[in-house]
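Encoded as structure tokens, the structure appears first; notes follow it.
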Amino acid sequence: MKLNEIKWPGIKILDRYIIGKFLGTYVMALLFIIVVVVVFDIAEKMDDFIELKAPLREIAFGYYLNFIPFFVNQFSGLITFIVLIFFTSRMAYNTEIVAMLSGGVSFKRFLWPYFLASCIITVFSITLNLFVIPQANERRIEFETHFLKKGKRIKFEKNIYRQIEPGTYAYIRDYRSSDLSASFLVLETYDSSAIQNSLEASMVKFNAKTKRWSAPRYIIKRYVNGKEYMEKHENLDTLINLTPEELGKVENLVKTMEYSRLNRFIQQQRDKGSDMVRQFEVERYTRIAYPMSTFVLTLIGVAISSRKVRGGTGLHIGMGLGLCFSYILFIRFAEEFAKGGVLPPLLSVWIPNIIYAVISIYLYKKAPK
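Counting from 1 along the sequence shown, just add 24 to a position and that's the residue number in the working numbering.
Right, dumping it as structure tokens:
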């Protein structure tokens, strides 16, 4: 940084001016979009609210109050990018940026308040991701289960197959959360690829206090040298390394866990030998990687919109949206690569940030100095 930049009397005013414009426009845009989305969502779900007799208090505080943090985090990056391009482009066309650079401020120094504002948004987003949204998701999903038809349809799978420890698998059919029961349960134990024994029971129930599964009758099958031996028993009462919360949609399950709980759950699933650990790790790494993209998008946005070109603000916004949507699409592809085992989850989640960071550095070097 040059000495004349440090002593320039407008430095602090410049910081407050840009940060105020950035965060002020961000908050206003966010509030506007939240209002629009909530109004449309109410119109879409009104029939369910009326038919299932959802209380007004539950709709407001049980659903929408917990829906807003989830929505804000989902679209924070896109909103930040559009807002940044919009007001920076206007500054460029009002020759404000030219005046700042002509007054002795380097382009690097000009970027400083942008990154301060980005830091505030990033910390806000990470806080939402790690602590606020998991609890909000839990209450939101609970509301959907009771008062939305869609929530009732997707709460539990009809046929559930889980690995509960290395070599041991559980199959549960028609599980009902209302009375913690299922129509059929099978426990299978394998040695290498060959099945060793299995336990089959009908009309099973889970005891929430003892954490045990029970059934009036059950069958044990043993397989020795290609032959099957069957034994019939009564009054099953067994402890299984599987809880009812793991029977729901795993996508919903991990989204309701705050960060430390999610880490413990991943370790538990890894000890069980679960084949879904990759999906859980993608969720964990995304909670940090996605908010950090704010810095990358900020540098790209400023580098694009600070130059005065033909086409006006519309051209800047069009170019910015193209890059932003390609970035979001890249994130989705990377997540699927991680879940499919093509790439390690940590690398897959961070690859979009790394690639677009390189693009942002290139655009920064081409930006006006």
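Here a beta-carbon is modelled for each residue, glycine too, at the ideal position from N, C-alpha and C. What you are looking at is a predicted structure, and each value in this text was computed from that prediction instead of being measured.
Asp72 - DSSP class collapsed to helix/strand/coil
Residue state, collapsed to three classes: helix.
- Task: Give the DSSP-derived three-state secondary structure of Asn231 in the structure shown.
- Result: Taken through DSSP and simplified to helix, strand or coil, Asn231 comes out as strand.
Item to complete: Pair every Cβ in the stretch 359-374 with every Cβ in the stretch 303-318, then say whether three or more of these pairs are closer than 8 Å.
Response: yes
Checklist line | Residue of Ala381, Ser298, Glu68 minimising C-alpha distance to Thr318 | finding: Ala381
Starting from Met316, trace the alpha helix (DSSP H) both ways and give me its first and last residue.
301-329
Given a threshold of 16 other Cβ atoms within 10 Å of its Cβ, counted over all protein chains shown, does Val147 qualify as buried or as exposed? exposed
Check your understanding: How many Å lie between Phe139 and Thr322 at the Cα?
Key -> 7 Å
query = Looking only at DSSP bridge pairs, what is Glu252 linked to?
reply = As computed with DSSP, Glu252 is found in a beta bridge with Tyr247.
Is it buried or exposed, Ser284, if we count other Cβ atoms within 10 angstroms and call 16 or more buried?
exposed
Margin query: Nearest by alpha-carbon distance to Leu204: which of Ala391, Lys235, Thr104, Arg81 is it?
Written below: Here the closest residue by C-alpha is Lys235.
Worksheet item: Is the CB-CB distance between Ile243 and Glu224 below 8 Å?
Response: yes
(request) Determine the DSSP secondary structure at Asp215, reduced to helix, strand or coil. (result) Collapsing the DSSP output to three states places Asp215 in a strand.
Notebook entry, point to check: What span of residues does the beta strand (DSSP E) with Glu189 cover, start to end?
Noted result: 183-189
Residues bridged to Thr280 (per DSSP):
In the DSSP assignment, Thr280 is bridged to no other residue.
Cα separation between Arg177 and Glu189?
Caution is warranted here: a pLDDT of 49 is assigned to Arg177, below 50, making its placement in the model unreliable, and the coordinate value is therefore given only provisionally. Arg177 and Glu189: Cα-Cα distance of roughly 29 Å.
| Using a Cβ-Cβ cut-off of 6 Å (strictly less than) and excluding sequence neighbours within five positions of Glu162, which residues of its own chain qualify? | Apart from sequence neighbours up to five positions away, the residues of its chain that approach Glu162 with a beta-carbon distance below 6 Å are Thr280, ordered along the chain.
Item to complete: Flag this pair as yes or no: are the beta carbons of Met227 and Ser207 separated by less than 8 Å?
Response: yes
message = Assuming the contact rule is C-beta atoms closer than 8 Å, Thr49 and Phe111 should be a hit. Round their C-beta distance to whole Å, please.
response = Thr49 to Phe111, Cβ: 5 Å. Contact.
Is it true that the CB of Ser238 sits closer than 8 Å to the CB of Lys229? yes
Note down, one range per segment and in chain order, each alpha helix (DSSP H) of at least 4 residues found wholly within the stretch 64-133. 89-117, 120-126
**Message:** Tell me the rounded alpha-carbon separation between Ile383 and Gly86.
**Reply:** 42 Å
Residue from Ala53, Phe64, Ser330 with nearest C-alpha to Thr104 | Ala53
Can you give the beta carbon distance from Pro137 to Ile43, rounded, assuming they're within the 8 Å contact cut?
-> 5 Å
ask   = Under a three-way DSSP split, which group does Lys295 fall into?
value = At residue 295 the sequence reads Asp, which differs from the Lys that was named. If DSSP states are grouped into helix, strand and coil, Asp295 belongs with the helices.
Quiz item: Hey, how far is the Cα of Met254 from the Cα of Val210?
Solution: The straight-line gap separating the alpha-carbon atoms of Met254 and Val210 is approximately 14 Å.
Check your understanding: Counting along the chain, where does the alpha helix (DSSP H) carrying Ala391 start and finish?
Key -> That residue, Ala391, is in no alpha helix (DSSP H); it is neither H nor E in DSSP.
Rounded to the nearest angstrom, how far is the Cβ of Ala160 from that of Pro79, given a contact under 8 Å? The Cβ separation is near 19 Å, so there is no contact.
Beta carbon of Arg200 nearer than 8 Å to that of Leu266: For the 8 Å CB-CB criterion, Arg200 and Leu266 do not form a contact.
**Request:** Pick helix, strand or coil for Leu263, following the three-state DSSP scheme.
**Result:** Leu263: coil per DSSP, three-state reduction.
Only counting the same chain, and skipping five residues up and downstream in sequence, which positions put a Cβ closer than 6 Å to that of Ile264? Trp237
* Kindly identify the DSSP beta-bridge partner or partners of Tyr193. => Gln187, Glu212
Helix, strand or coil for Leu347, going by three-state DSSP, please let me know.
helix
Quick one: using the 10 Å Cβ neighbour count with 16 as the cut-off for buried, is Phe167 buried or exposed?
With a threshold of 16 other beta carbon atoms within 10 Å, Phe167 meets it and is buried.
- Going by alpha carbons, who is nearest to Ile58 out of Ser100, Arg81, Ile74? Ser100
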